[in-house]
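Chemist: Order-wise, the sequence lines are chains R and H.
Count along the first sequence from 1, then add 141; that gives the number in the numbering used here.
Count along the second sequence from 1, then add 267; that gives the number in the numbering used here.
Where a beta carbon is used, it is the ideal one built from N, C-alpha and C, also for glycine.
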Amino acid sequence: MTPDEPEEERTTLRRPVPGVLAAPVVHLLDIEATPSEPARRVEIGPGPLTIGRGAQSGLVLPSGDVSRNHCVIALHGEAAIISDLGSTNGTIVDGKRVHEPVRLSIGARLTLGPFTLVYRSGRAADFARGEEVEKDLARAGRYVAALLPPPLPEGPVRADWRFVPSANIGGDGFGYGWLDEHRFAVWLLDVSGHGVGSALLAASVMNLLRVHSLPGTDFTDAAAVLAALNDRFQMDRQGGLYFSIWYGVYDTRSRIIGFGCAGQHPAFMIVPGEATPQPLWVKNPAVGLAPDWPYRRAEVAVPPGARLHLFSDGAFEIITADDRQLTIGDFLPLLAAAPQPGLPEPERLWQAVRGASRPGPLDDDVALLTLDFP
Amino acid sequence: MELQVVQDAGAPTRLVLVGRLDASGTEKVEVLFMARVRAAAGDVLVDMTAVGFVGSLGIRLLISAARLAERAGRKVVLFGAQPPVAEVFRTVALDDLIPVAADEAAALAQLVA
């Protein structure tokens with residue numbers, strides 16, 4: 142702009158665009174869930190937000206490891222500044238104890254006793270849109286969860302499970318049921334990627350398997366089921382999504398389980414008197430990756446008292462508090478550990494997984510399914 | 268996640284992946300990775316030695332790249348997977364679908380074959 146331009150035009154150019162430049166910036170703290178407290182979100186207002194376990198605090202965190210007046214967050218312009226108030230256990234920001242006032246960066250993780258708080262800042266409209274997306278994901282997760290079968294506490298095959306969808310929905314699913322008077326089918330699948338797309342494909346496959354709706358397919362033959370799924374769900378026709386699956390059929394007359402797995406890690410059987418879990422695995426690619434693949438199957442005898450564990454990779458591909466990436470080899474000792482009286486096996490395993498992983502939400506769905514064969 | 272491109276005269280294009288090939292890591296490199304495979308004059312070696320984790324979307328990226336090259340009459344060969352990554356490759360039967368070698372020498376041998 143030159144000095145010769147009329148004043149009126151300069152005035153017009155400087156006027157903020159309603160709803161864009163003038164959009165209010167909000168500052169939030171996402172308090173992650175703990176065993177005793179659900180997740181919640183609080184807004185940091187124009188006045189300082191005091192945090193502590195004392196009832197007079199602006200944000201009360203009920204724990205003996207949090208001081209009565211632990212820390213305070215105050216806004217200075219668009220900056221959020223956190224100051225420790227002489228707390229006993231310290232105010233930890235991104236793993237470092239704070240000794241002087243510190244400006245919080247977006248996404249900063251605050252550790253106050255057992256609580257983890259994540260700082261977020263941005264335009265209110267963006268948060269509103271983000272919340273809508275989160276609601277959609279939660280709805281997708283509830284739909285998948287609604288397709289899961291109830292536990293089976295009695296009968297020749299007993300089943301129990303624990304399913305914990307991640308915030309982004311990982312596309313896990315599983316199911317089981319009687320094919321006829323003698324044969325019982327069980328399966329667990331994991332769709333690639335995360336989000337509503339993965340949940341949609343998981344739900345599609347779960348519905349097909351629940352009602353045995355693959356025309357011309359013998360559902361008692363694991364290899365035939367995998368081949369039929371592979372024929373129907375090629376990645377190129379499914380938005381680039383594919384899935385891994387373990388599928389097995391137990392026959393009560395022969396006490397044999399015939400199984401196949403496609404791109405999926407083994408299921409593990411624990412037999413009374415044997416210390417090491419037995420992997421049930423056949424090498425096949427995941428469903429959707431290779432057209433016309435000749436899927437293979439295998440069989441194994443199921444002794445009385447045997448227990449079969451199926452689980453998704455979210456149960457073991459976790460990162461620990463000290464930033465280690467765990468693998469299935471780290472998970473197997475948990476399977477072999479002694480059950481805890483009164484605690485369902487899937488719940489015991491879930492507690493072990495949760496305890497081993499770093500604080501905060503998990504990156505992937507966790508599906509844990511246990512079958513007992515009396 | 269980083270992607271380094273090494274192009275020595277007369278040698279196959281070498282794509283070096285560094286970091287975690289999880290969902291976010293894959294998202295960061297997939298456009299450039301596929302573009303480099305598409306633009307390569309000949310075969311491509313993918314160096315996995317500095318990759319600590321491969322998730323389902325990473326597997327899809329590697330398969331898509333290999334198939335893209337295959338359609339153009341070229342090869343993509345992976346090599347140097349660390350034991351946890353090699354275990355994932357085995358679980359998903361990746362070596363039944365695309366060329367996977369233990370190390371660079373074996374990868375080069377696959378290109379000659």
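Do you know whose CA, among I185/R, P255/R, G193/R, A196/R, lies nearest S177/R's CA?
Modeler: P255/R
Chemist: For chain H, find out if any of its Cβ atoms is closer than 8 Å to the Cβ of H168/R; answer yes or no.
Modeler: The beta carbon of H168/R sits no closer than 8 Å to any beta carbon of chain H.
Chemist: Can you list, in chain order, the residues of its chain with a C-beta nearer than 6 Å to that of L162/R? Leave out the 5 residues immediately preceding and following it.
Modeler: Low confidence applies here, because L162/R scores a pLDDT of 49, under 50, leaving its location unreliable; read the following figure in that light. Cβ neighbours of L162/R beyond the five flanking positions: none.
Chemist: Examine the ligand ATP and report whether any of its heavy atoms sits within less than 7 Å of the Cβ of V298/H.
Modeler: Absence of the ligand ATP is noted for the structure shown, with no ligands found whatsoever.
Chemist: Kindly say whether N371/R, judged by its beta-carbon, lies nearer than 8 Å to any beta-carbon of chain H.
Modeler: no
Chemist: Please report the straight-line C-alpha distance between S291/H and E488/R, rounded to a whole angstrom.
Modeler: Straight-line spacing of the CA atoms in S291/H and E488/R works out to 30 Å.
Chemist: Going by C-alpha distance, which of E415/R, G470/R, L329/R is nearest S385/R?
Modeler: L329/R
Chemist: How should R327/H be labelled, buried or exposed, when 16 other C-beta atoms within 10 angstroms of its C-beta is the threshold for buried?
Modeler: Buried, since its Cβ has 16 or more Cβ neighbours within 10 Å.
Chemist: Does E269/H pass the burial test, meaning 16 or more other C-beta atoms within 10 Å, or should it be called exposed?
Modeler: exposed
Chemist: For a test of the three-state rule: what should DSSP assign to W302/R, helix, strand or coil?
Modeler: Three-state DSSP puts W302/R in a strand.
Chemist: Enumerate, from N- to C-terminal direction, the unbroken alpha helix (DSSP H) stretches of 4 or more residues contained entirely within the stretch 413-481 of chain R.
Modeler: 469-477
Chemist: Give me the residue from L375/H, V359/H, G322/H with the minimum Cα distance to L312/H.
Modeler: L375/H
Chemist: Determine the chain H residues that contact T511/R at a beta-carbon separation under 8 Å, and present them in chain order.
Modeler: Residues of chain H passing the Cβ test: none, with the nearest at roughly 21 Å.
Chemist: Does V166/R pass the burial test, meaning 16 or more other C-beta atoms within 10 Å, or should it be called exposed?
Modeler: Its Cβ having fewer than 16 others within 10 Å, V166/R is exposed.
Chemist: With DSSP collapsed to three states, give me the class of L162/R.
Modeler: For L162/R, the pLDDT reaches just 49, beneath the cut-off of 50, and the residue's location in the model is therefore unreliable, leaving the point undetermined.
Chemist: Give the interface partners of P351/H over in chain R, defined as CB-CB distance under 8 Å, in chain order.
Modeler: Per Cβ cutoff of 8 Å: Q466, T468.
Chemist: For H323/R, count neighbouring C-beta atoms within 10 Å of its own C-beta (all shown protein chains included) and say buried if the count is 16 or more, exposed if not.
Modeler: exposed
Chemist: For the stretch 392-400 of chain R against the stretch 347-361 of chain H, do three or more pairs of beta-carbon atoms, one drawn from each stretch, fall closer than 8 Å, so that the two count as touching?
Modeler: no
Chemist: Would you identify the three-state DSSP class for S224/R, choosing helix, strand or coil?
Modeler: Here DSSP, grouped into helix, strand and coil, assigns S224/R to strand.
Chemist: Closer than 7 Å by beta-carbon distance: list the chain R residues that pair up with L364/H, in chain order.
Modeler: P426, L430, A431
Chemist: Of all the options Q274/H, G277/H, R287/H, which has the alpha carbon lying nearest to the alpha carbon of D464/R?
Modeler: R287/H
Chemist: Using C-beta distances below 6 Å, list every residue in its chain close to V359/H, excluding the 5 sequence neighbours before and after it, in chain order.
Modeler: I326
Chemist: Sorted by chain position, which residues of the same chain lie with C-beta nearer than 7 Å to V332/R's C-beta, five sequence neighbours on each side aside?
Modeler: G312, S339, L342, A343, L382, F384
Chemist: Check the Cβ-Cβ distances between Y383/R and every residue of chain H, and say whether any is below 8 Å.
Modeler: yes
Chemist: Between Y303/R and the rest of its own chain, which residues show a CB-CB distance below 6 Å, the 5 nearest in sequence each way excluded?
Modeler: With the sequence shown as reference, residue 303/R is identified as Arg, and Tyr is not the correct amino acid for it. Same-chain partners within the cutoff: P487, E488, W491, L509.
Chemist: For I247/R, which residues in the same chain have their Cβ closer than 8 Å to its Cβ, ignoring the five residues on either side in sequence?
Modeler: Y260, R261, S262, G263
Chemist: Alpha carbon to alpha carbon, how far is T152/R from V243/R?
Modeler: Interpretation of T152/R is limited by its pLDDT of 42, a score under 50 that renders its predicted location unreliable; the figure taken from the coordinates is listed afterwards. Cα to Cα, T152/R sits roughly 38 Å from V243/R.
Chemist: Cα separation between V272/H and V337/R?
Modeler: 34 Å
Chemist: Tell me the DSSP secondary structure of R209/R in three-state form.
Modeler: coil
Chemist: Between G334/R and chain H, is there a C-beta pair that is closer than 8 Å?
Modeler: yes
Chemist: Using 8 Å as the threshold, is the stretch 439-457 of chain R in touch with the stretch 409-422 of chain R, meaning 3 or more CB pairs across them?
Modeler: Counting C-beta pairs closer than 8 Å gives three or more between the stretch 439-457 of chain R and the stretch 409-422 of chain R, which meets the contact rule.
Chemist: Can you list, in chain order, the residues of its chain whose CB lies under 6 Å from that of D310/H, leaving out five sequence neighbours each side?
Modeler: These residues qualify, in order along the chain: P279, R341, K342, L378.
Chemist: Who are the neighbours of T406/R on chain H, taking C-beta pairs under 7 Å?
Modeler: For clarity, residue 406/R is His in the given sequence; the question names Thr instead. Neighbours of H406/R on chain H, chain order: T358.
Chemist: Can you say whether E273/R is buried or exposed, counting buried as having 16 or more other CB atoms within 10 angstroms of its CB?
Modeler: exposed
Chemist: What does a CB cutoff of less than 7 Å around Q274/H pick up in its chain, not counting 5 residues either side in sequence?
Modeler: T280
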